[in-house]
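Asks:
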Amino acid sequence: MGHTSLEKMTALQRNPSNIRNLCILAHVDHGKTTLADCLVASNGIISSRLAGKLRYLDSREDEQVRGITMKSSAISLHFTHGDQEYLLNLIDSPGHVDFSSEVSTAVRLCDGAIVVIDAVEGVCPQTQVVLRQAWLENIRPVLVINKMDRLILELKLTPQEAYIHLQKILEQVNAVTGFLFTSEVLEKRAEKEKAEAEEKDDETAADGDQVYDWSAGLEEVDDSHLYFSPLQGNVVFASAIDGWGFSMQQFAQLYSLKMGIKAEVLLKTLWGDYYLNAKAKRIMKGAQVKGKKPLFVQLVLENIWSLYDAVVTRRDMEKVEKVVTSLGIKVMARDLRHSDPKVLLSAICSQWLRLSQAVLSMVCEKLPSPLDMAEERVEKLMSVGTRRFDSLPPQTQELKKAFLQCSSQENAPVIIFVSKMFAVDVKALPQNRQRPLTQAEISQRREIARQRHADRMAVDQTTKKNNEDQCGPEPSDLSAAKMESLALRDVKPEGEEEEQKQTFIAFARIYSGVVRKKQKVFVLGPKYDPGQGLSLLPENCSASDCVNAVPHLSCCSIEDVYLLMGRELEELEEVPAGNVLGVRGLEEFVLKSATLSSSAACPSFAPLNFDATPIVRVAIEPKGPMPKLVCGMRLLNQADPCAEVLIQETGEHVLVTAGRFAKIEISASAPIIPFRETVVRTPKVDMVNEDLGKQQKVAIIHQLKDEASQGRSSDNLQVDPTGLVTLTTPNRLATVSVRATPLPQDLTSFLEKNSELIRTLEQVNMSLREGKKLDVSIGTLESIAELKAQMESMLQGRKWRNAVEHIWAFGPRRYGPNILLNSVEGYQRPSLWQCLRGEDSGGDNSGGLSAGLWDFDTSIISGFQLATLSGPMCEEPLMGVCFSIERWDVQSSAPAQNQDVAGDGSISPGEVVDSGVVSRPKEDTTSGLNESKRRPEAALADCYGPVSGQLIAATKEACRQAFQAQPQRLMAAMYTCEIMATAEVLGRVYGVLGKREGHVLKEEMKEGTQMFIIKAVLPVAESFGFADEIRKRTSGLASPQLVFSHWEVISSDPYWVPTTEEEYLHFGEKADSANQALKYMNAVRRRKGLYVEEKIVEHAEKQRTLGKNK
C-alpha cells in the first residue's frame, strides 16, 4: 500500500465506526517496536526492508542507543479490509518496568490492545502487569505470539514439540485472564448477595449452617469471549523480524480451495485435537490418542519448518525454487543471490504470509470502535474517588450519552482527556518545517535564481571595468565577503537560541464533539466538583466567558491540533470525536494529565493507574547556572507522568525517577535510599542463640548507660520499666503517658496496601467534622467496612481487645501504617468509623466527652503525626508501630496563659481536667492571695507559648521516647528480582545475589527450554549496578527485572553491643564485625547531617587512623 495523503486521513477521521484506537503492550524485548515497524511499512512510510532495523517509533536518540522503547509514541495508519477502509491510531508503549507509567498513559486513550509475547520466554512479569492494566481500563486485548523463528533456529524444536509449547503459552496467558475475570465476578456476586440480604433483612441469612456456593456466579457469566484462542481469531503467530505472520483464517481459506473442504470446518479444526484421515479424506478427532499429527502441525507448522530448512539451514536453492513456484510468488534475482539467507526468507514470507495483513485484519475484526465503548467504562471514568455516578448532577449524567454516541455534531459537547505532555522542538512543528515544493514553485524559484545570477554578473563586469580604469585594488569583493560573514554572525545566535526553544504537545483523545484551532475550553482540575461549578457559574456558560471564581476550573485556548505520525506532526484544522490527537497551547494549564471540556458539567476523569511507584531519590545540582536546571526539572515534571520533582527542607532539588532532562551537565548525589523505622518484640535469645533469661550480664558500662538514659530529664520525663513513658509540658499544665507496641506484620502490610482507602476515610471524617454533607458511594462504604473487619480479624488477643474501635488516627500524613490508640479512661471522642454508623460529629460532646480535652484533641494527633514522620534512629518515617495514649491530664491555672483555649470558653479559670473528668475547686476566701501567687506562674507559662503548641511538642517527644524504650529496628525497601538464566551461569547469578544481601525465594525450570527462572528479593540499597554486574558475570546470558515489592525488617540491632559472657567470647570485646543495620543507619544520619557515633582511632596501641593506609 502506498503512502496515504493527509486529506484521506482527515476524511477517515469522520467515520468513528471504522476507527480503531489501539496500543502495543508487552514485556521488554518481546518485539513490540519491530512489529510496529512492519505495520508502519504497510503504509509506505518506511521501506519493508528496514522494518525491525529502523525502529521508526523509537524517535529519541537515547532509545536508539539503548535499543529499548522509553516513551509512548503514536502513529495513524490506513488499512483496507474487504470493501471497508479503516483508520488505525496505533500507540507503541515501553516494556521495561522503569517506564511502566508510559503504558498507563497509552492504555487510557485506547479501546483495544495488541499483547505481544515471545514464543520462547512465554508469559513474563511485565506481561502480567500489562494484561492487568488492560483489564482495569476495560479495553479488549488480542494476542500476537512473536519470535516463532526462535523455536526453529534456537531451540530447534520439531513442529510437534512447537505445537505443544504454543499450547502451554496460550494456557499461561488465559490463566492470567481467568484470574482477573474470576476476581471481578466473585467481587460482584458478593456485593449482590450483600444487597439482597439487606433488602430481605431475614434473620435466617445469618444461620451458621448455611453453605455458600461461590462458584455459582462463575457458571452464570459467559467468559468465552475473554480468552485467547486461534479458533476465535484473536491470536496471530508471527516472526516480526522475518516479516511473516498468520492467523487461522488465512490457512483455512488457503486449504479450503486446495482440499475442497469448507473454510468454516477448517477454521474449527485447524487448532485442536484433530487430524486428517488421508484414506477417508476426512478430518477426525483424537489425534493424540491415535498418535497422529494434529492438523495444525501437518498443514501449517511443517510447511514453515520446511521453508526455514531449505532457505536458512541447508540453503537448498532447488527446493527454494520449487517452493516459490508452488506458492506462485516472484522473488527478485538479487534476493536469490544474497549472501544473507534471511533476506531471501523475508522476500518469500512477506508475499506468502504478510504480517501486517494478518495483524491489522485481526484488529479490524476483533477490537471495538469508539462507538462500542462500554457503559461501565464511561461510568468508571466519570466517577472519581468516593463519588458515585448516580450522585453526580443530572447535567453531568447526561454527558454519558455523548460518550456512547461519540457524536461530532455542532451541538455535541467537547470532551477531551490529556494523558501526558511531551516536549517537541519548535523547529519540528509543521508550521516551522520546510515543506516540499511543487513543480510550479520549483520552476518559479529557478527563474528568480537565474535573474539574480544575471544581475550579479552584470554588476561584476561593471565593477571590473571601473577598477581597470582606476588601476586600484578590488574592495567590493572584500566588502561583500565581510558583509556576508557579518550577516552569518548575526543570524547564528538566533538560530542557536531557537534551537533551545521547546514547546509542549498534549497527548490526548477526544471522546465527544469536534475540537478546532483557537477554540476555548474549560480545563478541569483533579479536585473539580461539577455540582459546585454549575452552582457558581451562570446557566449555559461557555468557556469564552469563564469566571475565575470557580475553584479547580480554568479556561484556555487551543492553539493548534495535530495528527500524530510517529516522528512527525501534521497540522489539522479540526479533529472529530473518537480520535487520538496532539494539542498545543496547554503547557500553562496542564501539569501531567487533565480533562478538557466545553461544558462545566463534565467531571474530571479518574486518575491514571500507575502500577510501579518510584522508590529511589537522587539530589542533583548543576555544574553550570541554576536557572537552567530549574527549567529542565520543570520540563521533566510536566513531561514524565511518573516523575516527582521535590525541593526538600534542606534546599536540595530531589528527583524521584530516572532520566535525562536538561541540556546541561549535572552532578548527582549518591542515590537517596528510603528506610523505615520500627519496633519489635523483646527478643528471647541473644546473638549466639542462648536464652537471655539464663545468662548473666557482664557489660556493666552498657547497663549504666541504659540506667542513665532511662533516668535523664527526671523532672518532666519518667520511663517505666514496662516501657510506659510519661512526659509533662514545660509549664506543668499537661501530662501525657504513651506506650509503643509493634503491630502484627500482616496488619502493617495491609495498612500500607490500603493507604488510599484510609485517606478517603480521613476525608469523609473531615467533612463530617466540618458539618458538610458528602455523598459517599456504597462501594466506598463497603470497602471501609471491610477494612475495619479485616483489622479486627488481624488484631486478636487480650491486649488488642476493642483496639480497632479506639483508633484515634493513622500516621504519618493521616494515612500511614502506624496507629494512635485512645486508651485514656473516661475520654470519649467521635469514632474514626462514624461514617459507617451515619453519625454526625459536628462537635458532639455526648457520652462524657470533655470539652477541655476535646479542644486539645488535634494537638495530640499533630504530635503523633510529627513523631511518625521522622523517627529517632535516623529521622526516617515509622512503620508498623502502635502508640497508645494511656493517660492525659490538662489543667488551667490562669486565663491569660491559655488564650487559645479560654477564648472558646472551654476551660474556666481554676478548672482541672483530669482524664476527661471536669472538677471545680471550692470557693476559697484567700482567692486574692492565690491570684497574686498565680501571676508569676502565668507569666512563666506565657514564655513557653500556647498550651496546644506545648502539647504537640510533648506528644511528639513522648512518642519518640516510648519508641526508644522498645527494641528498635530498621526496615529496608526490597526489590523482587526475576532472572532468566541458563544452567551454565546459574552459579554466577547466585554469587552476585549472595554478595548483595539478596536471598532466593524460588527456582524453577521453564518447560520445554533450558532456561531457569530465579525469583529473589534484594535490598534497594544494594541494587545499584546489580543489573550491569550480573550481565558482566554471565556474559549477557542473564538479565534481571527489578520491581519494588515490600519493606523488610533488618534482623540485626543497630545499637547492639555484647552483653552476655557468651557474646563476649564469640564476638570479642570490641564486637566490630559488620553490622548491616548500623551501616545503613549511619549512612542516612551522615547524609542528613546528624551526629554519627564512630571511632576515628581503631587500634590505640598503634595510633593509626582510618584515613591512613594500613
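Converting from the sequence shown to the numbering used here requires adding 100 to each position, the first position being numbered 1.
All residues carry an ideal CB built from backbone N, CA and C; glycine is no exception.
On a predicted model such as this, the values are computed, not experimentally measured, just so you know.
Between residue 723 and residue 150, what straight-line distance do the alpha-carbon atoms span, to the nearest angstrom?
Replies: 41 Å
Asks: Give me, in chain order, the residues of the same chain whose beta-carbon lies closer than 7 Å to that of residue 1110; leave out the 5 immediate sequence neighbours on both sides.
Replies: 1082 and 1083
Asks: Counting C-beta neighbours from all protein chains within 10 Å, is the total for residue 727 16 or more, i.e. buried, or is it exposed?
Replies: exposed
Asks: Quick check on the burial criterion: 16 or more other C-beta atoms within 10 angstroms. Buried or exposed for residue 116?
Replies: buried
Asks: With a cut-off of 8 Å, do at least 3 Cβ pairs link the stretch 263–274 to the stretch 402–422?
Replies: no
Asks: The beta strand (DSSP E) with residue 346 in it runs from where to where?
Replies: 344–346
Asks: State the DSSP-derived secondary structure class of residue 827, mapped to helix, strand or coil.
Replies: strand
Asks: Tell me whether residue 618 sits in a helix, a strand or coil according to DSSP, three-state version.
Replies: coil
Asks: What does a CB cutoff of less than 6 Å around residue 810 pick up in its chain, not counting 5 residues either side in sequence?
Replies: Low local confidence applies: a pLDDT of 45 at residue 810 is under 50, so the model's placement there is unreliable, and no value is given.
Asks: Going straight from the alpha carbon of residue 1178 to that of residue 1055, what length do you get?
Replies: 27 Å
Asks: Looking at the structure shown, is residue 933 part of a helix, part of a strand, or coil, going by DSSP?
Replies: coil
Asks: Can the beta-carbon of residue 196 be found closer than 9 Å to that of residue 233?
Replies: no
Asks: Where DSSP assigns a beta bridge to residue 426, which residues make up the other side?
Replies: Here residue 426 is not bridged, per DSSP, to any residue.
Asks: According to DSSP, residue 657 sits in a beta bridge with which residue or residues?
Replies: Residue 657 has 620 as its beta-bridge partners, per DSSP.
Asks: In terms of residues, what are the limits of the alpha helix (DSSP H) holding residue 388?
Replies: 387–390
Asks: For the stretch 344–358 against the stretch 458–466, are there 3 or more C-beta pairs whose distance is under 8 Å?
Replies: yes
Asks: Could you name the residues of the same chain whose beta carbon sits closer than 6 Å to that of residue 243, not counting the 5 residues immediately before and after it, in chain order?
Replies: 215, 328 and 335
Asks: Does the Cβ-Cβ distance between residue 700 and residue 634 come in under 9 Å?
Replies: yes
Asks: For the beta strand (DSSP E) containing residue 834, list its first residue and its last residue.
Replies: First-last of the beta strand (DSSP E) with residue 834: 834–842.
Asks: Measuring alpha carbon to alpha carbon, tell me which of 239, 781 and 154 ends up nearest residue 475.
Replies: 239
Asks: Quick one: residues in its chain with C-beta nearer than 8 Å to the C-beta of residue 399, no 5 flanking neighbours on either side, listed in chain order?
Replies: 351, 355, 370 and 376
Asks: Can you tell which of 424, 1087 and 1144 has its C-alpha closest to the C-alpha of residue 1074?
Replies: 1144
Asks: Would you call the stretch 443–453 and the stretch 121–135 in contact, with 3 or more CB pairs under 8 Å?
Replies: no
Asks: Span of the alpha helix (DSSP H) holding residue 442?
Replies: Taken as a continuous stretch (DSSP letters only), the alpha helix (DSSP H) holding residue 442 covers 441–452.
Asks: Pick helix, strand or coil for residue 278, following the three-state DSSP scheme.
Replies: helix
Asks: From the DSSP output, which residues share a beta bridge with residue 176?
Replies: 189
Asks: Count the CB pairs spanning the stretch 834–849 and the stretch 973–982 that are closer than 8 Å, and state whether there are at least three.
Replies: yes
Asks: Please go through the stretch 668–693 and give each complete beta strand (DSSP E) segment of 3 or more residues, from N-terminal end onward.
Replies: 668–672, 674–676 and 680–684
Asks: Which residues bound the beta strand (DSSP E) around residue 213?
Replies: 212–218
Asks: Strictly by DSSP, which residues pair up with residue 907?
Replies: Residue 907 pairs with 921.
Asks: Leaving aside the five residues before and after residue 885 along the sequence, list all residues of the same chain whose C-beta is less than 8 Å from its C-beta, in chain order.
Replies: Apart from sequence neighbours up to five positions away, the residues of its chain that approach residue 885 with a beta-carbon distance below 8 Å are 936, ordered along the chain.
Asks: Which term fits residue 548, buried or exposed, when burial requires 16 or more other beta carbons within 10 angstroms of its beta carbon?
Replies: exposed
Asks: Taking a contact to mean a Cβ-Cβ separation below 9 Å, would you say residue 605 touches residue 663 in this structure?
Replies: In this structure, residue 663 does not lie closer than 9 Å to residue 605 by Cβ.
Asks: Can you pull the DSSP bridge partners for residue 662?
Replies: 671 and 682
Asks: Taking residue 654 and residue 618 to be in contact with their CB atoms under 8 Å, please state how far apart those CB atoms are, rounded to whole angstroms.
Replies: Not confirmed; about 17 Å, so no contact.
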